[in-house]
Amino acid sequence: MDLFDFKDGREGYYGKYGGTFLPEILHSTIEELKAEFRKAKADPAFWQEFMALMQSYSGRPTPVTHLANLSNQLGGAQIYVKREDLNHTGSHKINNVMGQGLLAKRMGKTRVIAETGAGQHGYATATMAARFGFESKIYMGAVDVARQRPNVFWMENMGSEVVAVTDGQQTLKDAINECLRDWVTNMDNTHYVLGTACGPHPFPEMVSWFQSIIGREAREQILTSAGKLPDRIFACVGGGSNAIGLFQGFMDDKEVQLVGCEAGGFGPGKGNHASRLAYKDASIGVAQGMKTYFLQNDDGNMLETHSVAAGLDYIGVNPVLVHLWEEDRVRFEAVTDAQVTEALKVTMRSEGLIPALESSHGFAQAIIEAKEMSKDEVVLINMSGRGDKDIFTIADALDDNHWKEFIKQKADAYSSEA
Amino acid sequence: MPLNNYLAERKQALQTSKRPAMIMTHVVCGYPSFEANWKALEIMDSFGVDLVELQFPFSEPSADGPLFVKANQEAISNGVHVNDCFEFMAKVTAKFSFKVIMMGYYNTVFKTGLENFMQRLKAAGAYGFILPDLPVDEAGELHQLARELDLAPIVLMTPTNTDARLEQLASCANGFIYTVARKGVTGSGTNMNTQVSDFIQRCQKFTDLPLAVGFGVSTAEDVTFIGKHADIAVIGTAALKAWEANNEKGLRDFFTQLLS
Ligand SMILES: Cc1ncc(COP(=O)(O)O)c(C=O)c1O
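In the order they appear, the protein sequences are chains A and B. First residue of the first sequence? That's 1 in our numbering, and the numbers climb one at a time after it. First residue of the second sequence? That's 1001 in our numbering, and the numbers climb one at a time after it.
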């Protein structure tokens, strides 16, 4: 099944969702991008170049790891994890970024811009820009700058300018608006490296294509290590790029359940979470370049969202996933902040793995379901990133006194310097 | 269409006046308040502006620059709803002689329902609408509904468009065409130069509709320049800045220098 042949409808549409909703000034820029992407997608040498780069620079293929301890502890299904955390920069975001970087080079662009929520996408973009010699500017909501400082540190030190966006809710969606404003001004030399499978066509298709590397590897690896296809696979869904990346590998395996895990935040209720599909607080709208489900009010203005994970704290969702959800191919579940913290603790203690707060949403849902499954069943979780970047947030959530002591000492040392 | 007839009349009237171009101004509904909007509109009316864009605030105004972003945001946090905007529009069109164009983002229309929104616009006395994030390729159904109600869908032409695209845009347009004088968001300055006039000329190859020139218009020279090459000068950010600086007096002084 090819999600992107558009044989049942208009180009860029997945069922009713997707499209290209952009100011006219970007029309020719998007046409140029579409044309370049089509050429690249049809050119086997491009994919080979991409694969070679991901191997030599980012350590692909990333392994699949059997979590024997956790599986035994839960007494249910065998849990396997696809280790996107082992990528350079610590998450799956680099797959998309390197792909778009190669494309930007082909288009002769000299500058890249990106939005970032958790900072992982911005971090990956800063890395790519340094390596390819692009000028780069990263837009990040001021709230996210405050909660993901370690990533800001690395971006700046790799030579990117990081702009703290103070409009709106000061999170991911506001950073996207700011990127669009930059792009309508600087499109001649600038490529907008959108970080998730959202936004105007061709971004959902393009990001999905680069991220499909996850699913392609994972299917082969799980067949080898578990000896069978997984019964269920789990991935967290912010914008929806790591999820569609993994799911694509199993799209034709009808018996494999695909589960998208959204940010349940404090639980159901408008403003408490960032769950577009699992909770019933969202409706269809058109914003940020695409038609999809948004957390919005009756006027079409966006609601406040909340999640402990900055990378999932977003109003909209991948239009491809919405279509697959309506077709009953993908199931959506929401996981609360509290469940996420528990899942993270269990995973650290039993396996020595530190999933990012975003990825921990997939772990939490898998843990709930694996318990109820039989021992010969197999589940696969996408560990989209590692939790090192979340050290401040996790330390808060765990109320870690040693960490607090350390920060106080550091602060004292800095203030006596000043 | 009513807007076409109105603009034809106003263009005629220009011939016998000293004013170099028709004038379209811009107000964000409910920012800083509806009372302030009303006072601003009284001033605009007293200077004989031809058209006013009433912007319905949206939470994601991605085509707007910092001042309008703030205006949209504060209007929403002041509790301005779509209903309030329609009510205000009805009062405005009942009272003033300029004609009103709704300006906003497509989600406001989509969420209200295309047909419902168009009918309410008509009922509130609007003559057309501008939705900068709705490309013509996605606008078929809405433009059809608008035609049935004699509402003009205002289309944007930009310097980055190819000739083929300009031709397509022209075929979807009615009322007037909004030509974007430069890249960027609302509010940044534009040098009115030969690049702009060349672009306007290129647009004129594809349409006979009046052309409005937007983005960064702030001085009497700008208006004269636009009058030489096109039809309507769009005054957006500069007027709001003048209001922010000194309320009614600021706005009055601004229009005095602009239209003297
Ligand atoms: C580690 C990690 N996982 C997941 C996400 C969510 O993005 P997506 O749904 O596009 O995979 C992010 C976003 O910042 C992230 O950093």
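We treat Cβ as the ideally placed atom computed from N, Cα and C, and that holds for glycine.
Separation of residue j from residue i, as counted between CA atoms
{"i": "Q257/A", "j": "L380/A", "result": "10 angstroms"}
{"i": "V64/A", "j": "F1034/B", "result": "60 angstroms"}
{"i": "T224/A", "j": "P230/A", "result": "11 angstroms"}
{"i": "D1198/B", "j": "L102/A", "result": "35 angstroms"}
{"i": "R331/A", "j": "W325/A", "result": "6 angstroms"}
{"i": "W154/A", "j": "M187/A", "result": "26 angstroms"}
{"i": "V193/A", "j": "D1150/B", "result": "41 angstroms"}
{"i": "V346/A", "j": "A274/A", "result": "24 angstroms"}
{"i": "V162/A", "j": "D182/A", "result": "13 angstroms"}
{"i": "L398/A", "j": "T341/A", "result": "8 angstroms"}
{"i": "Q339/A", "j": "S212/A", "result": "28 angstroms"}
{"i": "P319/A", "j": "Q1015/B", "result": "53 angstroms"}
{"i": "T1256/B", "j": "V1052/B", "result": "18 angstroms"}
{"i": "T1237/B", "j": "M1001/B", "result": "29 angstroms"}
{"i": "E1244/B", "j": "Q170/A", "result": "24 angstroms"}
{"i": "V1027/B", "j": "E49/A", "result": "52 angstroms"}
{"i": "L344/A", "j": "I394/A", "result": "9 angstroms"}
{"i": "M290/A", "j": "K389/A", "result": "30 angstroms"}
{"i": "K34/A", "j": "F266/A", "result": "40 angstroms"}
{"i": "E1060/B", "j": "E1221/B", "result": "33 angstroms"}
{"i": "A142/A", "j": "E115/A", "result": "12 angstroms"}
{"i": "F1086/B", "j": "T292/A", "result": "26 angstroms"}
C-beta atoms of residue i and residue j nearer than 9 angstroms
{"i": "P1159/B", "j": "K1183/B", "result": "yes"}
{"i": "Q120/A", "j": "K93/A", "result": "yes"}
{"i": "I214/A", "j": "V378/A", "result": "no"}
{"i": "M1089/B", "j": "V1100/B", "result": "yes"}
{"i": "A129/A", "j": "S160/A", "result": "yes"}
{"i": "S359/A", "j": "S384/A", "result": "yes"}
{"i": "G300/A", "j": "T1179/B", "result": "no"}
{"i": "V237/A", "j": "A366/A", "result": "no"}
{"i": "A197/A", "j": "V207/A", "result": "yes"}
{"i": "L1067/B", "j": "E24/A", "result": "no"}
{"i": "L357/A", "j": "A309/A", "result": "yes"}
{"i": "L1131/B", "j": "F1176/B", "result": "no"}
{"i": "D167/A", "j": "D313/A", "result": "no"}
{"i": "F210/A", "j": "N87/A", "result": "no"}
{"i": "Y1106/B", "j": "F21/A", "result": "yes"}
{"i": "R111/A", "j": "S71/A", "result": "no"}
N-terminal and C-terminal residue of the beta strand (DSSP E) that residue i is part of
{"i": "G265/A", "result": "257 to 265"}
{"i": "E333/A", "result": "330 to 336"}
{"i": "E135/A", "result": "135 to 141"}
{"i": "L1054/B", "result": "1051 to 1055"}
{"i": "F363/A", "result": "Where F363/A is concerned, there is no enclosing beta strand (DSSP E), although the alpha helix (DSSP H) it sits in stretches over 357 to 371."}
{"i": "A235/A", "result": "232 to 236"}
{"i": "H306/A", "result": "That residue, H306/A, is in no beta strand (DSSP E); it is neither H nor E in DSSP."}
{"i": "T1179/B", "result": "1177 to 1180"}
{"i": "Q1195/B", "result": "Counting along the chain, Q1195/B falls outside any beta strand (DSSP E), though it belongs to the alpha helix (DSSP H) covering 1194 to 1204."}
{"i": "M155/A", "result": "First-last for M155/A: 149 to 157, but that is the alpha helix (DSSP H), not the beta strand (DSSP E)."}
Buried or exposed (CB count within 10 angstroms, at least 16 for buried), residue i
{"i": "A243/A", "result": "buried"}
{"i": "E327/A", "result": "exposed"}
{"i": "A226/A", "result": "buried"}
{"i": "I113/A", "result": "buried"}
{"i": "D1133/B", "result": "buried"}
{"i": "N401/A", "result": "exposed"}
{"i": "M1/A", "result": "exposed"}
{"i": "G133/A", "result": "exposed"}
{"i": "N382/A", "result": "buried"}
{"i": "D412/A", "result": "exposed"}
{"i": "G1065/B", "result": "buried"}
{"i": "S416/A", "result": "exposed"}
Delimiting residues of the alpha helix (DSSP H) encompassing residue i
{"i": "I25/A", "result": "Looking at the DSSP string, I25/A is not in any alpha helix (DSSP H), and its letter there is neither H nor E."}
{"i": "N1247/B", "result": "1237 to 1259"}
{"i": "T185/A", "result": "172 to 186"}
{"i": "A1013/B", "result": "1002 to 1015"}
{"i": "V216/A", "result": "A quick correction: the sequence has Arg, not Val, at residue 216/A. Here the alpha helix (DSSP H) through R216/A covers 203 to 226."}
{"i": "M1044/B", "result": "1034 to 1046"}
{"i": "T393/A", "result": "391 to 397"}
{"i": "G1227/B", "result": "1220 to 1229"}
Residue i beta carbon near ligand 2 (any heavy atom closer than 8 angstroms)
{"i": "E358/A", "result": "With respect to ligand 2, the structure offers nothing, as its ligand set consists of ligand 1."}
Report task. Can you check the region 35 to 69 of chain A for any alpha helix (DSSP H) of at least 4 residues that lies completely inside it and give the ranges in chain order? Result -> DSSP assignment within the region 35 to 69 of chain A yields the following whole alpha helix (DSSP H) runs of 4 residues or more, N-terminal first: 44 to 58.
**Report entry** Those runs of the alpha helix (DSSP H) which lie wholly inside the region 1048 to 1123 of chain B and span at least 4 residues
**Finding:** With a minimum length of 4 residues, the continuous alpha helix (DSSP H) runs that stay inside the region 1048 to 1123 of chain B are 1066 to 1077, 1082 to 1095, 1106 to 1112, 1114 to 1123.
Report task. Could you please tell me which residues of the region 1128 to 1158 of chain B, in chain order, have their CB closer than 9 angstroms to any CB of chain D? Result -> The chain inventory of the structure shown lacks chain D, comprising the protein chains A and B.
Report task. Tell me the start and end of each unbroken alpha helix (DSSP H) in the region 87 to 126 of chain A that is at least 4 residues and wholly inside, in chain order. Result -> For the region 87 to 126 of chain A, whole alpha helix (DSSP H) runs of length 4 or above, ordered along the chain, are 93 to 106.
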